[in-house]
Structure formats: structure tokens, C-alpha cells
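S.K.: For the sequence shown, the working numbering gives the first residue as 1, with consecutive numbering after it.
Note that CB positions come from ideal geometry on N, CA and C, so glycine has one too.
As the structure is a computational prediction, the values presented were derived from the model and not from experiment.
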Amino acid sequence: MTRSQKIFLAVLSLYVVFDFTLGSLVGLYLWETTKEASRIISYYIFLFLSILITTQLTSGLINGHGAKKVYISSILLGLIQALVLMIVGSSIGNVIIPFGILAGTSIGLQAMSYSLIVSFVTSNKDTTKFLAIKSSLMNVISIISVPIITSLISLFGSYHISYVISFFAGLAIIVLISKISIPPSSEQSSSLGYRSLMQIDEVRIFAITRLLYGVYNGPMWAILGIVTYIFIGDVARWGYISTSLTILSIIGAYFYSRISSSSVRNAVSTITTFLFASIALLLATNWSFVIFMLYQIVVVLLNSSFSLHYEGVIYSLVNENETIRVNISTVLAIGEIAMGLGRIVPLALLLIVGFTFENPTFLQILFILISVIPILILNKLSSIIPHSSRYATIHS
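Okay, structure coming up:
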């Protein structure tokens, strides 16, 4: 393993903590300080909108300034988030929109620059070994850090400690990433624009399924953790449950990745998709903590099978087309636009209809509507892909 790989593993380990304290915990903090669903939904709408816009600009920034500087910029914005949370405290609801824009810009800058850095540090004979170690290490750090941080919050009676942790984790990330020498991006501008690429069947299907995936992912990202917290009522217990679900996700992903037959993988993802829809219907008729936790478990299994299956299939599709490969950056940008819109639209509708976390009817209807999205995606994929070798093997 190279020096750059070792340093980047340390960066990713710290980023697990950085991302958790400025991601999932922020949603809980916003709920505790505002108790207003409208403010939380507004935060995530502007976060997703900022991600969408920033990802469209990041390619040019990387070409002009390099992936490392862009990545460091994303971490600096995260440090500003931590400072804002420490300074503003419980008044964060008064600056919810600019704070959402700040958070989304940080995530958008990080996403594409991260991919390029990974491509650089893994461009040698130890790539497979590095990726396996990376995945395992990040999972271990998550399992250890989440219950510790949430227990500290419960012990001190304040989220302030988590933002202090995120601030110092961010500083350490900047110091470490600065030690990796990354050459300037040599990527050339795409020869085709959005309209031309959308004439290709695979690109249209890619865009449609990313749109649908965004409709599924956005509400899950914004709402699921808060609903869990409302049921539990304690951040430490929330951390233990979150860690347990992470462990289940690791186990599920491991066993799914061990399936060598594409038809069996397809069958497993289809079964979990329909199981997900069935449990959502059960939750609609019996709103209780036990059924909700069963729903959470099925969501984890869904992400361990359907999500991996979907990513493998869709990227296999785009990689089989030479035109798409040449214009991959633009194709990915189209996918980001589609997924961003998919995330924003359902949240905007929730804002319009006056969604509240206190009314289980809203949540029951929402979870039922979300439950059909994976089925729609599978149906869209099956309409153009035969059950054959085009289902790519998933490597975790």
C-alpha cells in the first residue's frame, strides 16, 4: 500500500466522524431546537438544491484549481458549518436557508473531487485491496464513533460537543489531504451537450431512474432519522439503533456481494423491493414503534440489495456505450440534475401541504408513496434490459 493510500485511509476515517456530526446529527438538532417540520424540510430543500447546482460547477473548478484544492474547500465550508452551529446554537432556525445552502455547497464540492482523488490514489496494483480496506475501515469507524458521540451528547446534554469534534476532525483532514500530491486534472471538455446525450436511450434511462431514485432518497435522507428519534426520544439510544442498523447493512451487503449469479442477485433485489412495499402498507395500518423498526430493517436490506443492484446495472448500461464513456462527466452531471430534482420535488410538496412530524397520517402516506419507487425503477430497467449477463457483478 502506498503512502498516499495510507494517508487517504486516515482522511476517510476522520471523514466518517466529520460527515456524521455535520449530517445526521444536524437533522436531529434542527428538530430539537425548532420542533417545526417546515424549517427542517426547507433546510433539506436548499441543501439538495445547492448540491445540484454545485455539482454542475465542480468540474470546471477542478480543471481550474485541481481536485485537492476543491476537496479542501469543501472541508473548509464544513468547518464554517461547525462554527455557525457552535456560535448560533439554538437560534439556528433563524438562518436555516443560508445554512442549508452552505451545507449543500460543501457536499457538492466534496462529491466529485473525492471521486478524482480516489481514482488517483488507487491507480496501482493494490486497488482492490485498498477499496476493501477502505470500506471495512470506514464501517468500523462508524460503528465505534456513532454510539460514542451520541453518548457524549446525552452525557453533556448538548450537541455542542459533537460540533467541536467535527471542527477538529475537519482540521485534521485538511492537514492530511495536503500531504497527498495530486496532479492537475487532464480531463477534456465533453464534445456533446445535454440535449445530444439525451437522445441516447441509455442516458435517458439513466436520467429517469436517477430522478426516481432521488424521489426515494430525498425524503429518506431528510425524514427517517428524525422519525426514529421521535419514537425513541433519546440521542444516545438513537445512536445505538443507528449503529445496529449499520452492522446489519454491512452483513447484508457482504452476503449480497458473495452472490455470483446475476439472476439470483436480480431475484433478491426484486424480493426485497416487494417486501419493502409490503411493510410500508403494514406500517400504514399499524403505526407503532415495533412496525416502524421492522420498516427500518427492511430499508437496510433494500439498500444492501436493490441499491447495489441498481448501481451495478445502471453503470453497466452507460459503460457499454463508447459515446457515453467519452462524455461521462456530462452524463454524470445529467444524473445529478435528475436526482437533485427527484429529491427536491417531494420535499417541496410536503412543505406545500403543511407536513408535520406529529401527524402519523402524513408519514404513513409518505412511506407508502416512497415504497413504490424501487418497483418503478426495476420496471423501467426490465423494459430495456434482458435478464442476462448485462447485470454487472457487484464488487464491494
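Rounded to whole angstroms, what's the CA-CA distance from residue 388 to residue 263? Just pull it up for me.
M.R.: For the purposes of this step, residue 388 is identified with residue 388 of the sequence shown, where counting begins at 1. For the purposes of this step, residue 263 is identified with residue 263 of the sequence shown, where counting begins at 1. Reliability of the predicted coordinates at residue 388 is poor, the pLDDT of 34 falling under 50, and the value obtained from them is presented with this limitation in mind. Cα to Cα, residue 388 sits roughly 7 Å from residue 263.
S.K.: Taking all protein chains shown into account, do 16 or more other C-beta atoms lie within 10 angstroms of the C-beta of residue 255, making it buried, or fewer, making it exposed?
M.R.: Here the question's residue 255 lines up with position 255 in the sequence shown. Its Cβ having fewer than 16 others within 10 Å, residue 255 is exposed.
S.K.: Report yes if the C-beta distance between residue 407 and residue 283 is below 8 Å; otherwise report no.
M.R.: Here the chain covers residues 1 to 396 and nothing more, so residue 407 does not appear.
S.K.: Hey, out of 112, 304, 99, whose CA is closest to residue 60's CA?
M.R.: Here residue 60 refers to the residue found at position 60 of the sequence shown. Here the closest residue by C-alpha is 112.
S.K.: Can you give the Cα-Cα distance for residue 375 and residue 369, rounded to whole angstroms?
M.R.: Position 375 of the sequence shown holds residue 375. Position 369 of the sequence shown holds residue 369. If I take the Cα positions, the gap works out to 11 Å.
S.K.: Between which two residues does the alpha helix (DSSP H) harbouring residue 32 extend?
M.R.: Numbered from 1 along the sequence shown, position 32 holds the residue referred to as residue 32. Its alpha helix (DSSP H) spans residues 24-34.
S.K.: Using 10 angstroms around the beta-carbon of residue 285, count the other beta-carbons present and answer buried if the total reaches 16, otherwise exposed.
M.R.: Here residue 285 is taken as the residue at index 285 of the sequence shown, counted from 1. It counts as exposed.
S.K.: Report yes if the C-beta distance between residue 209 and residue 380 is below 8 Å; otherwise report no.
M.R.: Here residue 209 is taken as the residue at index 209 of the sequence shown, counted from 1. Here residue 380 is taken as the residue at index 380 of the sequence shown, counted from 1. Against a cut-off of 8 Å, the Cβ pair of residue 380 and residue 209 comes out as a contact.
S.K.: Pull up the distance between the alpha-carbon of residue 48 and that of residue 340, whole angstroms please.
M.R.: As a position in the sequence shown, residue 48 is number 48, starting the count at 1. As a position in the sequence shown, residue 340 is number 340, starting the count at 1. Rounded to whole angstroms, residue 48 to residue 340 spans 6 Å at the Cα level.
S.K.: Taking contact to mean at least 3 C-beta pairs separated by less than 8 Å, is the segment 213-230 in contact with the segment 38-52?
M.R.: The segment 213-230 vs the segment 38-52: in contact.
S.K.: Tell me whether residue 199 sits in a helix, a strand or coil according to DSSP, three-state version.
M.R.: Against the sequence shown, residue 199 aligns to sequence position 199. Coil at residue 199, not helix or strand.
S.K.: When the Cα atoms are used, what is the spatial distance from residue 290 to residue 83?
M.R.: Taking the first residue of the sequence shown as position 1, residue 290 is located at position 290. Taking the first residue of the sequence shown as position 1, residue 83 is located at position 83. Rounded to the nearest angstrom, the two C-alpha atoms are 38 Å apart.
S.K.: Quick one: which unbroken alpha helix (DSSP H) runs of 4-plus residues sit fully inside the segment 185-267? Chain order, please.
M.R.: The segment 185-267 contains these whole alpha helix (DSSP H) runs: 194-197, 201-219, 225-232, 235-257.
S.K.: Compare the Cα-Cα distances from residue 179 to each of 152, 354, 10 and report the closest residue.
M.R.: By one-based count along the sequence shown, residue 179 stands at place 179. Cα-wise, what sits closest to residue 179 is 10.
S.K.: Compare the Cα-Cα distances from residue 107 to each of 230, 136, 75, 38 and report the closest residue.
M.R.: Stepping through the sequence shown from its first residue, residue 107 is reached at position 107. Per the Cα distances, 75.
S.K.: Looking at C-alpha atoms only, which residue of 234, 279, 130 is the closest neighbour of residue 152?
M.R.: Position 152 of the sequence shown, counted from the first residue, corresponds to residue 152. Cα-wise, what sits closest to residue 152 is 234.
S.K.: Could you say which of 80, 331, 88, 25 lies nearest to residue 102 if we only look at CA atoms?
M.R.: As a first step, residue 102 must be located in the sequence shown, where it is residue number 102. The option with the nearest alpha carbon to residue 102 is 80.
S.K.: Please classify residue 183: is it buried, with 16 or more other beta-carbons within 10 angstroms of its beta-carbon, or exposed?
M.R.: Position 183 of the sequence shown, counting from 1, holds the residue named residue 183. It is exposed - the Cβ of residue 183 has fewer than 16 other Cβ atoms within 10 Å.
S.K.: So, with DSSP's three-state summary, where would you put residue 1?
M.R.: By one-based count along the sequence shown, residue 1 stands at place 1. Coil, per DSSP.
S.K.: In three-state terms, what does DSSP make of residue 477?
M.R.: With the chain covering only 1 through 396, there is no way to say anything about residue 477.
S.K.: To the nearest angstrom, how far is the alpha carbon of residue 248 from that of residue 297?
M.R.: As a first step, residue 248 is located in the sequence shown; it is residue number 248 there, counting from the start. As a first step, residue 297 is located in the sequence shown; it is residue number 297 there, counting from the start. Residue 248 and residue 297: Cα-Cα distance of roughly 8 Å.
S.K.: Using alpha carbons as the reference points, say which of 54, 143, 88 lies closest to residue 104.
M.R.: Residue mapping note: residue 104 aligns to position 104 of the sequence shown, counting from 1. Of the candidates 54, 143, 88, the one whose C-alpha sits nearest the C-alpha of residue 104 is 54.
S.K.: Could you tell me the alpha carbon to alpha carbon distance between residue 89 and residue 160, rounded to whole angstroms?
M.R.: Position 89 of the sequence shown holds residue 89. Position 160 of the sequence shown holds residue 160. The alpha-carbon atoms of residue 89 and residue 160 are separated by roughly 8 Å.
S.K.: Just checking, does the segment 194-204 make contact with the segment 327-338 on the three C-beta pairs under 8 Å criterion?
M.R.: Enough Cβ pairs lie closer than 8 Å, so yes.
S.K.: At a cut of 8 Å, does the segment 131-151 reach the segment 348-365 through at least three beta carbon pairs?
M.R.: Touching, no.
S.K.: When you compare only the Cα positions, how much space is there between residue 266 and residue 245?
M.R.: Stepping through the sequence shown from its first residue, residue 266 is reached at position 266. Stepping through the sequence shown from its first residue, residue 245 is reached at position 245. About 23 Å.
S.K.: On the CB-based measure, 16 or more other CB atoms within 10 Å of its CB, does residue 217 come out buried or exposed?
M.R.: For this step, residue 217 is matched to residue 217 along the sequence shown. The residue is buried, with at least 16 neighbouring Cβ atoms inside 10 Å.
S.K.: Span of the alpha helix (DSSP H) holding residue 346?
M.R.: For the purposes of this step, residue 346 is identified with residue 346 of the sequence shown, where counting begins at 1. Run containing residue 346: 328-352, per the alpha helix (DSSP H) assignment.
S.K.: Among the residues of its own chain, which have a CB less than 8 Å from the CB of residue 212, if the five just before and after it don't count?
M.R.: The sequence position of residue 212 within the sequence shown is 212, counting from 1. So the qualifying residues of the chain are 342, 373, 376, 377, 380.
S.K.: What do you reckon, are the CB atoms on residue 138 and residue 13 nearer than 8 Å?
M.R.: One-based indexing of the sequence shown puts residue 138 at position 138. One-based indexing of the sequence shown puts residue 13 at position 13. Yes. Within cutoff.
S.K.: Could you name the residues of the same chain whose beta carbon sits closer than 7 Å to that of residue 355, not counting the 5 residues immediately before and after it, in chain order?
M.R.: Along the sequence shown, read from residue 1 onward, the residue named residue 355 stands at position 355. Closer than 7 Å at the Cβ level, and outside the excluded window around residue 355, lie 37, 41, 362.
S.K.: Would you identify the three-state DSSP class for residue 134, choosing helix, strand or coil?
M.R.: Position 134 of the sequence shown holds residue 134. Here residue 134 sits in helix by DSSP.
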